[in-house]
Structures are given as C-alpha cells and as structure tokens.
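> Following this message is one structure expressed as structure tokens.
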Amino acid sequence: MKAGVLALQGDFREHARVFADLGVAVREVRTQAELAEVHCLAIPGGESTTIGKLARSAGLVEPIRQRVLDGMPVLGTCAGMIVMATEVKGGEPLLSLMDITVCRNAYGRQVDSFETELTVAGIDHPVRGVFIRAPWVERVGQGVDVLAEHGGHPVVVEQGNLLATSFHPELIGETKLHEYLLGKV
Ligand code: GLN
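Structure representation (structure tokens):
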C-alpha cells in the first residue's frame with residue numbers, strides 16, 4: 001500500500017508526515033508515473049489557483065480524474081477541497097469531481113485563522129483542524145454526505161471515495177481523517 005500526496009504546491013510535506021505517522025509508505029506525486037504507483041491521494045492545502053496551474057502543466061488533471069472514476073480514494077484539505085469541487089465561487093473548477101459549491105476565502109483573511117475541534121460522523125474521537133483562508137461549502141449535491149459542520153456550514157464532506165475538509169488536519173498532526181481515507185483503499 002502506498003499513499004500519494006499531490007506535491008505541486010502547498011503543505012504536502014505535512015500530509016506526507018501524517019501518512020508516515022500512520023506507518024504507511026508515501027509517494028510524492030508530480031508526474032503521471034508517480035500517480036500510477038499510489039493507492040490513494042491527498043491533495044494539500046495551499047493556493048488552489050497555483051495547484052491548478054501546475055497540475056495542468058504536469059498533465060495530471062485527466063489522469064487524476066480517471067483514477068478517481070476507477071475508485072481511487074482522495075482526501076482534499078482546504079485548497080484541496082476547492083480543487084475537487086464542481087463549482088467554485090471566486091475561482092475555477094479544476095477536477096470537478098465532488099458535487100459541491102465552494103466559496104473561496106469565505107472564512108476571512110489570514111488573520112482570521114482559527115483552530116477548533118469537531119465531531120465527525122463515523123469517527124469516534126474529536127477531530128482537530130486549522131482554518132486558514134478556508135473555503136465555505138455553500139451547496140452539497142444529493143450524493144454528498146456532510147460528516148461535520150461548523151457554524152452551520154459543512155466542513156467535512158464525503159462523496160463515495162472522495163473526502164474533503166475546509167480545514168487543515170495535517171498542520172497539527174491530526175491523523176484520523178487520513179486513517180479514514182486509508183480505510184477506503
Ligand atoms: N484560500 C486558498 C485558496 O483559495 C486556500 C487556503 C488554504 O488552503 N489554507 O486556494
């Protein structure tokens with residue numbers, strides 16, 4: 001079993017560390033050949049526009065979409081959630097895989113960042129996360145389950161093999177969502 005981390009921009013090293021903490025082999029993914037080696041993929045937080053640009057020029061957009069349609073589980077955090085969404089306010093969809101509408105930067109600016117503990121359906125311990133210029137989920141499609149909310153907004157959503165969070169679990173070494181993802185492999 002090898003866990004992949006999309007390593008184009010953002011906090012991919014932190015995701016890799018979480019997988020390593022869980023005792024799983026990790027591969028940083030920057031090419032189609034590296035993508036072919038992994039059994040699941042984390043898409044990190046960072047800047048969704050930059051991740052999009054780099055993913056396009058690396059020729060990774062269609063191959064990632066195809067792997068997901070073939071069943072590969074994906075966890076996207078913050079910018080990673082934006083990259084997975086079918087509709088993006090204040091930006092453009094990239095992978096268009098998860099039937100959600102997100103509004104970029106809706107939680108405010110860098111100075112409005114905060115850390116909190118959340119109850120997530122299907123995970124029996126509180127989950128910690130950091131919100132940094134996080135996206136707001138404005139709409140979820142019919143096939144999307146809301147696993148956690150904060151302030152009346154969905155912040156953990158799941159659609160089949162896809163899992164997305166508005167916040168960063170990886171920045172504080174929170175491992176439970178990655179564990180949940182690995183359970184889908
Ligand atoms: N605001 C960033 C974006 O729109 C996401 C921020 C983050 O990943 N912490 O891509």
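So in this note's numbering, spot 63 of the sequence shown is number 63, and the numbers just go up one at a time.
Beta carbons are placed, not taken as given, at the ideal position from N, Cα and C, and that holds for glycine.
#1: Does DSSP put A58 in a helix, in a strand, or in coil?
#2: Between the alpha carbons of G141 and T31, how many angstroms are there, rounded?
#3: Shortest alpha-carbon distance to T86 belongs to which of K53, G71, V185, R65?
#4: In terms of residue numbering, what span does the alpha helix (DSSP H) encompassing K176 cover?
#5: Please report the distance separating the alpha-carbon of P169 from that of L35.
#6: Please name the residue or residues paired with Q159 in a DSSP beta bridge.
#7: Tell me L94's beta-bridge partners as DSSP assigns them.
#8: Does DSSP put F167 in a helix, a strand or coil?
#9: Can you tell me which of M1, V5, P93, G10 puts its alpha carbon nearest to the alpha carbon of I132?
#10: Going by DSSP, name the residue or residues bridged to V127.
#11: Does any heavy atom of ligand 1 sit closer than 6 Å to the C-beta of N105?
Put simply:
#1: coil
#2: 31 Å
#3: R65
#4: 176-182
#5: 23 Å
#6: L162
#7: L94 is not bridged to any residue.
#8: coil
#9: G10
#10: L118
#11: yes
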